[in-house]
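Taking our numbering, the leading residue of the sequence shown gets 576, the next gets one more, and so forth. Every residue gets a Cβ at the ideal spot worked out from N, C-alpha and C, and that includes glycine. Values in this document were obtained by computation on a predicted structure and should not be read as measured data.
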Amino acid sequence: MLGEYQETLLQSVEAFQSAELVKNKYENVLQNLDSGIMLFDSEGVCTFVNVQMAKLAELPRQSLMGCTLMQLLRHPYINRSKRKRILRFFRETIHYRKKYHEFIDEYGRHWLITVTYGDQMDGDFLLSVKDVSDYKQIEKAAYQNDKLAMLGKISAAIAHEIRNPLTAIRGFIQLLRPHLVQLGKDEYARIILMEIDRANDIIHEFLNSSKPTAPQTSVLQVASLLRQTVLLIESEALMKSCEVRMHVEDENMKVSVDVKQIKQVLLNMIKNAMDAIEETADGRLGIIDIEAKICGKSAVMTIRDNGNGMDQAHLVRLFDPFFTTKERGTGLGLSVSYKIIKNHGGTISVESHKGEGTAFVISLPLLSE
Ligand SMILES: Nc1ncnc2c1ncn2[C@@H]1O[C@H](COP(=O)(O)OP(=O)(O)OP(=O)(O)O)[C@@H](O)[C@H]1O
Ligand SMILES: [Mg+2]
């Protein structure tokens with residue numbers, strides 16, 4: 576009888592131990608997920624927080640356990656901006672019953688908060704927070720590519736439509752030319768032909784620049800590429816009282832690029848920098864710093880100006896085709912530059928502060944020796 580009792584007890588202890596083991600295993604998995612996890616019970620009290628969530632909240636894990644959302648708001652370590660964010664999250668998910676909430680933090684990272692509740696959760700609320708900055712970047716790039724593809728199609732159609740009548744006009748003017756010569760008006764014919772050719776050239780340039788072809792690459796030193804480009808722009812910069820400074824970390828840094836295309840990108844950026852400096856009304860001395868350095872497997876070139884800078888609303892549209900704030904701008908410079916750098920397997924990023932200046936960072940694959 577005692578033996579039987581002992582055996583049942585032993586079985587219960589073993590069952591308990593294996594249940595504990597499984598629990599610990601799942602807890603470990605949850606603790607080490609790369610997403611932040613937080614569980615609230617039906618009373619709104621936090622019953623579980625994983626390591627990543629505590630890291631994201633920048634609060635000790637233990638201080639979050641047992642807190643309600645309201646207590647969290649009053650937590651002494653929570654600053655004003657975080658408090659505002661939690662309130663907004665609370666309103667969207669609890670009041671408006673949204674299951675997803677997205678926000679950008681002070682470091683520019685994108686976060687996605689997912690809320691799970693309902694029958695399968697036994698009255699609990701599960702919050703999971705994930706850094707989705709990389710996905711956002713990919714989404715943005717895909718969106719940008721779509722727009723550029725569309726631009727290519729539109730410009731090809733426009734060019735086609737304009738070129739045909741121009742060819743016809745050119746032909747008829749040539750036929751009329753002997754008659755104009757007889758009338759002593761050859762000069763008119765000459766001007767008409769010249770202007771038609773100019774219009775054709777503009778269309779040709781436009782098509783070439785809006786649809787950059789596959790790069791015709793050659794190997795060259797970043798230092799010489801930058802020097803050649805600065806040489807082209809130096810006199811214009813001087814006229815606009817801009818000082819162009821250049822600093823190359825390693826003279827032997829080499830890249831395999833289409834020289835014409837990369838020069839086109841750099842020239843557009845430097846011209847944009849000069850325009851931005853011109854737009855500052857305080858008569859400051861314009862400074863354009865061009866830097867090149869090695870960063871891992873990339874050659875990183877930075878073009879920094881102390882021009883008028885841009886605000887966030889401006890920045891998000893920067894690489895859109897035809898986005899311009901200039902009276903005589905086409906708004907194609909940066910969208911074409913983006914495409915060229917992408918075709919070279921590189922990236923462009925930008926940082927700007929209104930009234931202070933802008934820095935464009937171009938990263939290209941570095942050629943190993
Ligand atoms: N360094 C900069 N500082 C401030 N604003 C800039 C800078 N670079 C670009 N921008 C802004 O981005 C817009 C788009 O630039 P982008 O080079 O694509 O076209 P654009 O310069 O207006 O025209 P285009 O290059 O065809 O002459 C500009 O109109 C300007 O408002
Ligand atoms: Mg430009």
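How about residue i and residue j: do their beta carbons lie closer than 8 Å?
{"i": "residue 834", "j": "residue 865", "result": "no"}
{"i": "residue 906", "j": "residue 897", "result": "yes"}
{"i": "residue 605", "j": "residue 625", "result": "yes"}
{"i": "residue 628", "j": "residue 690", "result": "no"}
{"i": "residue 622", "j": "residue 614", "result": "yes"}
{"i": "residue 872", "j": "residue 801", "result": "no"}
{"i": "residue 852", "j": "residue 880", "result": "yes"}
{"i": "residue 890", "j": "residue 927", "result": "yes"}
{"i": "residue 796", "j": "residue 843", "result": "no"}
{"i": "residue 878", "j": "residue 845", "result": "yes"}
{"i": "residue 913", "j": "residue 719", "result": "yes"}
{"i": "residue 683", "j": "residue 644", "result": "no"}
{"i": "residue 767", "j": "residue 738", "result": "no"}
{"i": "residue 817", "j": "residue 861", "result": "yes"}
{"i": "residue 932", "j": "residue 882", "result": "yes"}
Look up residue i in the DSSP assignment and say whether it is helix, strand or coil.
{"i": "residue 581", "result": "helix"}
{"i": "residue 856", "result": "coil"}
{"i": "residue 652", "result": "coil"}
{"i": "residue 898", "result": "coil"}
{"i": "residue 593", "result": "helix"}
{"i": "residue 796", "result": "strand"}
{"i": "residue 919", "result": "coil"}
{"i": "residue 640", "result": "coil"}
{"i": "residue 611", "result": "strand"}
{"i": "residue 948", "result": "Look at the range of the chain in this structure, 576 to 944, and you will see that residue 948 is not part of it."}
{"i": "residue 885", "result": "coil"}
{"i": "residue 868", "result": "strand"}
{"i": "residue 677", "result": "strand"}
{"i": "residue 861", "result": "strand"}
{"i": "residue 626", "result": "helix"}
{"i": "residue 876", "result": "strand"}
{"i": "residue 703", "result": "strand"}
{"i": "residue 741", "result": "helix"}
{"i": "residue 663", "result": "helix"}
{"i": "residue 820", "result": "strand"}
What does a CB cutoff of less than 6 Å around residue i pick up in its chain, not counting 5 residues either side in sequence?
{"i": "residue 617", "result": "698"}
{"i": "residue 838", "result": "804"}
{"i": "residue 707", "result": "685 and 687"}
{"i": "residue 793", "result": "none"}
{"i": "residue 752", "result": "764"}
{"i": "residue 637", "result": "none"}
{"i": "residue 925", "result": "935"}
{"i": "residue 745", "result": "771"}
{"i": "residue 658", "result": "648"}
{"i": "residue 971", "result": "Residue 971 cannot be examined here, being either before or after the span of the chain that is shown, 576 to 944."}
{"i": "residue 886", "result": "929"}
Keeping to the same chain, check which residues put their C-beta closer than 8 Å to that of residue i; ignore five residues upstream and five downstream.
{"i": "residue 674", "result": "668, 689, 690 and 691"}
{"i": "residue 630", "result": "611"}
{"i": "residue 859", "result": "852 and 881"}
In angstroms, rounded to a whole number, what distance separates the CA positions of residue i and residue j?
{"i": "residue 647", "j": "residue 612", "result": "15 Å"}
{"i": "residue 663", "j": "residue 929", "result": "27 Å"}
{"i": "residue 717", "j": "residue 824", "result": "33 Å"}
{"i": "residue 934", "j": "residue 721", "result": "26 Å"}
{"i": "residue 764", "j": "residue 909", "result": "38 Å"}
{"i": "residue 884", "j": "residue 609", "result": "36 Å"}
{"i": "residue 736", "j": "residue 840", "result": "28 Å"}
{"i": "residue 813", "j": "residue 748", "result": "43 Å"}
{"i": "residue 694", "j": "residue 670", "result": "19 Å"}
{"i": "residue 650", "j": "residue 595", "result": "33 Å"}
{"i": "residue 597", "j": "residue 603", "result": "10 Å"}
{"i": "residue 581", "j": "residue 653", "result": "53 Å"}
{"i": "residue 593", "j": "residue 578", "result": "22 Å"}
{"i": "residue 756", "j": "residue 740", "result": "24 Å"}
{"i": "residue 656", "j": "residue 681", "result": "9 Å"}
{"i": "residue 799", "j": "residue 911", "result": "23 Å"}
{"i": "residue 856", "j": "residue 850", "result": "12 Å"}
{"i": "residue 641", "j": "residue 672", "result": "23 Å"}
{"i": "residue 923", "j": "residue 660", "result": "30 Å"}
{"i": "residue 822", "j": "residue 863", "result": "11 Å"}
{"i": "residue 811", "j": "residue 901", "result": "18 Å"}
For residue i, which residues in the same chain have their Cβ closer than 7 Å to its Cβ, ignoring the five residues on either side in sequence?
{"i": "residue 919", "result": "790, 832 and 939"}
{"i": "residue 676", "result": "664, 667, 668 and 688"}
Any Cβ of chain C within less than 8 Å of the Cβ of residue i?
{"i": "residue 668", "result": "Of the protein chains in this structure there is only one, and it is not chain C."}
Is the number of C-beta pairs between the stretch 767 to 776 and the stretch 801 to 814 that are closer than 8 Å three or more? no
If we count Cβ pairs, one from each stretch, closer than 8 Å, do we get three or more for the stretch 921 to 941 versus the stretch 868 to 887? yes
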